[in-house]
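Its first residue numbered 32, the sequence shown is counted upward by one per residue in the working numbering.
Backbone N, C-alpha and C fix where the C-beta goes; we use that ideal spot for every residue, glycine too.
Keep in mind it's a predicted model, so treat the numbers as computed, not measured.
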Amino acid sequence: MNKDSRIYIAGHKGTAGTALVENLKKRGYENLILKTRQELDLLNQQAVIEFFKNEQPEYVFLAAVLPCGAANVSQRADFIYENTTIQNNIIHQSFKFGVKKLIFFGSGYMYPEKTLNPIKEESMLTDILEYNATSFGVAKISGTLMCESYNIQYGTNFITLALNNLYGTRANFDFGKSRVLPALLRKFHLAKLLEEEREDEILKDLKMKSFVEAKKDLTDFGILKDCVEIWGTGKVRREFIHSDDLADAAIYVMENVNFSDLYKKDEKIKNTHINIGTGIDYSIAEVAQMVKQIVGFKGKLIFNPNRPDSTMDRLMDCSKIHSLGWRHKIELKDGIKMMYDWYLNKGE
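Shown next as structure tokens:
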């Protein structure tokens with residue numbers, strides 16, 4: 032990939048996409064192709080065909096996704112329809128228009144609910160998926176197999192990176208759509224504002240005019256001036272990766288790794304995707320305490336076991352990416368501080 036190569040980042044406004052754009056620019060890649068949803072509907076096959084015909088990208092980062100979060104698990108049909116349609120359109124047209132290399136972002140939800148930790152790439156399709164995330168996981172498996180199958184049949188160079196919980200600057204902090212860490216950070220931030228009676232800042236954060244209504248909404252979310260309620264027992268363990276680390280890994284793979292590096296010549300070609308993570312997991316209770324300390328909230332932390340808990344601990348086995356020469360750089364505590372600093376100074 033040369034500095035003047037035509038590089039398309041699908042989903043450049045998301046957490047992964049914004050980190051990719053910033054990282055690529057820092058490395059001197061300036062010929063970036065970026066399209067908003069209004070400019071290019073990735074669900075529209077004909078629009079995607081016209082885009083590839085007109086723009087002729089040489090390299091593609093496929094980060095566009097309808098993400099699966101705890102609060103939006105009811106969107107089962109949307110997960111499988113939107114994600115598979117976007118993947119199908121971009122991967123197929125990347126093949127048709129001769130894209131030199133494509134990076135697709137998979138998910139830890141591709142792995143079975145009862146697989147052993149740390150999770151190896153070979154675990155995919157060995158058992159059933161976590162119930163609430165099945166449609167999302169199936170969509171990601173489909174994209175992963177599509178990349179692998181096109182490589183086998185057509186000689187393309189499409190690689191999937193599987194990741195667990197993503198966080199970082201420009202994360203989605205909407206309680207209805209956010210991932211674990213952004214949701215926790217915003218909860219503790221709002222609780223701190225309540226604790227310090229900073230009503231104007233609460234209204235600004237929530238985009239509301241009535242403090243009475245705002246306080247009611249906060250209570251519904253388990254946010255009080257003297258305590259914050261977290262769903263579940265807090266015992267579930269999670270691995271987190273900062274968006275800057277993910278972008279660094281994706282660009283490293285794009286620059287240094289080919290599909291031919293991911294299988295042995297005398298074996299069946301399968302499970303060629305690559306886990307991207309830190310190799311370190313934390314309980315939700317540990318993470319919540321860490322966020323509480325960083326934000327500076329002095330109240331109590333309460334876990335509600337009557338609320339749903341994920342049934343699956345997820346920790347990636349990152350030995351494959353380590354053997355290929357990449358390791359994460361940002362530890363969780365430092366990453367949370369970076370995310371909170373961004374939220375305070377640039378977040379809405």
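- DSSP places residue 258 in no alpha helix (DSSP H) but in the uninterrupted beta strand (DSSP E) bounded by 258-262.
- At least 7 Å separates the beta-carbon of residue 346 from that of residue 163.
- The secondary-structure analysis by DSSP pairs residue 254 across a beta bridge with 259.
- The Cβ atoms of residue 166 and residue 254 do not sit closer than 7 Å to each other.
- Pairing residue 94 with residue 316, the inter-Cα distance amounts to about 30 Å.
- In the structure shown, residue 376 falls within a helical segment according to DSSP collapsed to helix, strand and coil.
- Ranked by Cα distance from residue 311, the options 247, 212, 39 and 195 are led by 195.
- Collapsing the DSSP output to three states places residue 319 in a helix.
- Beta bridge pairing from DSSP links residue 313 with 269.
- The three-state reading of DSSP puts residue 126 in helix, counting H, G and I together.
- For residue 41, DSSP records a beta bridge to 93.
- Taken through DSSP and simplified to helix, strand or coil, residue 351 comes out as helix.
- Inclusion of residue 271 and residue 185 in the CB contact set at 7 Å is not warranted, their separation being larger than that value.
- A distance below 7 Å separates the beta carbons of residue 116 and residue 74.
- Within the same chain, and ignoring the five residues on either side of residue 221 in sequence, the residues whose Cβ sits closer than 7 Å to its Cβ are 233, 236, 249 and 254.
- Taking residue 296 as reference, the option from 205, 267, 150 and 183 with the minimal CA-CA separation is 183.
- Judged by DSSP in its simplified three-state form, residue 300 adopts coil rather than helix or strand.
- Here the C-alpha atom of residue 171 lies approximately 30 Å from the C-alpha atom of residue 336.
- Pairing residue 106 with residue 168, the inter-Cα distance amounts to about 13 Å.
- Of the candidates 41, 206 and 178, the residue whose Cα lies closest to the Cα of residue 262 is 206.
- Rounded to whole angstroms, the gap between the alpha carbons of residue 181 and residue 173 is 12 Å.
- Contact annotation: residue 370 and residue 139 have beta-carbon atoms that are not nearer than 7 Å.
- Of the candidates 209, 339, 268 and 136, 136 places its Cα closest to the Cα of residue 307.
- The DSSP-derived three-state label of residue 156 is coil.
- Residue 333 is a Cβ neighbour of residue 258, given a cutoff of 7 Å.
- Within 10 angstroms of the beta-carbon of residue 243 lie fewer than 16 other beta-carbons, which makes it exposed.
- Nearest in C-alpha terms to residue 226, of all of 269, 144, 203 and 327, is 327.
- The C-alpha of residue 320 lies about 10 Å from the C-alpha of residue 314.
- Judged by DSSP secondary structure, residue 222 falls within the alpha helix (DSSP H) whose first and last residues are 211-226.
- DSSP, reduced to helix, strand and coil, places residue 246 within a helical segment of the structure shown.
- In its chain, beyond the 5 residues on either side, 34 and 35 have a beta carbon closer than 8 Å to the beta carbon of residue 61.
- With a cutoff of 7 Å on beta-carbon distance, residue 52 and residue 91 are scored as not near each other.
- Straight through space, the alpha carbons of residue 228 and residue 151 are spaced by roughly 48 Å.
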